[in-house]
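Numbering (the numbering used here), first residue to last: -16 to 307. From the three backbone atoms N, C-alpha and C, an ideal C-beta is built for every residue, glycine too. Some notes on the structure that comes next.
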Amino acid sequence: MTNKVQIPWQDRPEGCKDVMWRFEENPVIGRYHIPTSNSIFNSAVVPFEGGYAGVFRCDNKAVQMNIFAGFSKDGIDWDINHEPIEFVAGNTEMIESEYKYDPRVTWIEDRYWITWCNGYHGPTIGIAYTFDFKTFHQCENAFLPFNRNGVLFPEKIDGKYAMLSRPSDNGHTPFGDIYISYSPDMKYWGEHRCVMKVTPFEQSAWQCTKIGAGSVPILTDEGWLMFYHGVITTCSGFRYSMGSAILDKNDPTKVLYRSQPYILAPATPYELTGDVPNVVFPCAALVDKEEDKVAVYYGAADTVVGLAFGKLSEVIAWTKENSL
């Protein structure tokens, strides 16, 4: 795949008691980072060739939603292409798309796989692969509309590809649980099973309206660590926060631990104010197990990209200690 590179990092600020903390120079990517953009958010990052590559949601000034490739030496300073990704046919000739947004990226076996919310008579899960982040091969959509938040596991489970998703509707969905589906070939998907449901309001209100998978799950000794988003419906609309869960490493339908409190919620000006206020939406996590570090990229207020840090062991312990 790639040689190990240093992940973005900043030590915990003095006096901070939180299990995760924000990068002091957030937002790491501003809304006008490329000439055409109205906003850049909900984007994915992976190690690549001694640095990093990413796929970024860049809504233009007509608010057309598309995804763009970008590169960085350190994961903080980014060179994002000024034109959206042009796909070629992969395992299908049908690469029609009305919009693309909220990508995730992971390395599996011999290539990088990209998933995103793809517009095909409503939102569904688009899939593509690349070897170099220059040529992208689009594959069959995974599911019928309507679906969002397609997140692949970084390795096969029991010999099959596995993907988390959230069945939804065609609008600003006021419901949603996390499901898992399996595929033998990244073309045909089935064995759909429920993984996590929303919580009762009185038990954990921040995640009582809908939930969705966030970053690509991280395999640890305790199981698959997953950062996810949860939503509460407030007087001023939806409020998106970030939680953490640990799934069984052999059977990810089994939730071993799930955070009752959120791990990160809208609090700073760039999270509270923007095109869609009150949003923290994780889409990527970089991990260095040797140095016990994790860095999470998240969309803030549907406008910019933020970065948060934590000690991997502390995040796991916190998730277990604060589990539902």
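Contact check, residue i vs residue j, beta carbons under 8 Å
i	j	result
A228	Y211	yes
S224	Y253	no
S306	Y240	yes
E123	N74	yes
I91	L208	no
I78	A72	yes
F221	W(-8)	no
V279	G257	no
N261	L255	yes
D160	I194	yes
I163	F119	no
Cα-Cα separation between residue i and residue j, rounded to whole angstroms
i	j	result
H104	E274	45 Å
P150	F126	9 Å
T(-15)	A145	Interpretation of T(-15) is limited by its pLDDT of 48, a score under 50 that renders its predicted location unreliable; no figure is taken from the coordinates.
I97	T236	22 Å
L290	L202	21 Å
V181	S219	20 Å
V263	K170	31 Å
S26	G226	18 Å
S55	W61	5 Å
H175	F129	14 Å
Q190	V214	5 Å
T156	D271	35 Å
V178	Y84	23 Å
A111	C100	12 Å
I(-10)	D42	27 Å
T192	F158	6 Å
K143	K232	14 Å
Y281	F114	24 Å
F6	V134	25 Å
D168	S242	33 Å
G154	F184	23 Å
G173	S80	23 Å
G33	D93	17 Å
K303	D204	13 Å
P265	E76	32 Å
I108	K44	24 Å
E8	R131	30 Å
P200	F136	6 Å
Q121	S166	16 Å
G(-2)	M48	40 Å
G206	E297	15 Å
V46	T216	25 Å
D(-6)	D152	41 Å
Y15	P249	21 Å
R40	K0	32 Å
Whole-Å CB distance - residue i paired with residue j, under 8 Å assumed
i	j	result
G13	Y35	Not quite, the Cβ-Cβ distance comes to about 18 Å (not below 8 Å), so this is no contact.
P86	I50	5 Å
F24	F116	So it is not a contact: roughly 19 Å between Cβ atoms.
L147	A196	4 Å
W4	P(-4)	6 Å
V2	W301	4 Å
Y82	G53	Incorrect: roughly 19 Å between the Cβ atoms, too far for contact.
A267	V(-12)	Going by Cβ atoms, the distance from A267 to V(-12) rounds to 15 Å, so no, they are not a contact pair.
I17	H65	5 Å
S22	D285	6 Å
L315	K276	Absent from the structure is residue 315, since the part of the chain shown begins at -16 and ends at 307.
Boundaries of the alpha helix (DSSP H) in which residue i is found, first to last residue
i	result
A300	L295 to E304
Y112	That residue, Y112, is in no alpha helix (DSSP H); its beta strand (DSSP E) goes P106 to T113.
Y253	P252 to L255
Any non-hydrogen atom of the ligand PLP within 7 Å of residue i CB
i	result
D115	Absence of the ligand PLP from the depicted structure is noted, as is the absence of any ligand whatsoever, leaving it without description.
Run of the beta strand (DSSP E) containing residue i, from where it starts to where it stops
i	result
E174	G173 to M179
G(-2)	Element bounds for G(-2): n/a, residue is neither H nor E.
R14	Where R14 is concerned, there is no enclosing beta strand (DSSP E), given that its DSSP letter is neither H nor E.
S151	Element bounds for S151: n/a, residue is neither H nor E.
I163	I161 to S166
L247	From DSSP, L247 is part of no beta strand (DSSP E); its letter is neither H nor E.
K276	K276 to A283
3-residue-minimum beta strand (DSSP E) runs that sit fully inside the stretch 193 to 238, ordered along the chain: 193 to 196, 201 to 203, 206 to 217 and 220 to 230
In the stretch 58 to 134, which residue ranges form an unbroken beta strand (DSSP E) of at least 3 residues, counting only runs that do not cross its ends? 70 to 72, 83 to 91, 94 to 102, 106 to 113 and 119 to 121
Which runs of the beta strand (DSSP E) fall wholly inside the stretch 30 to 56 and span at least 3 residues, in chain order? 34 to 43 and 48 to 55
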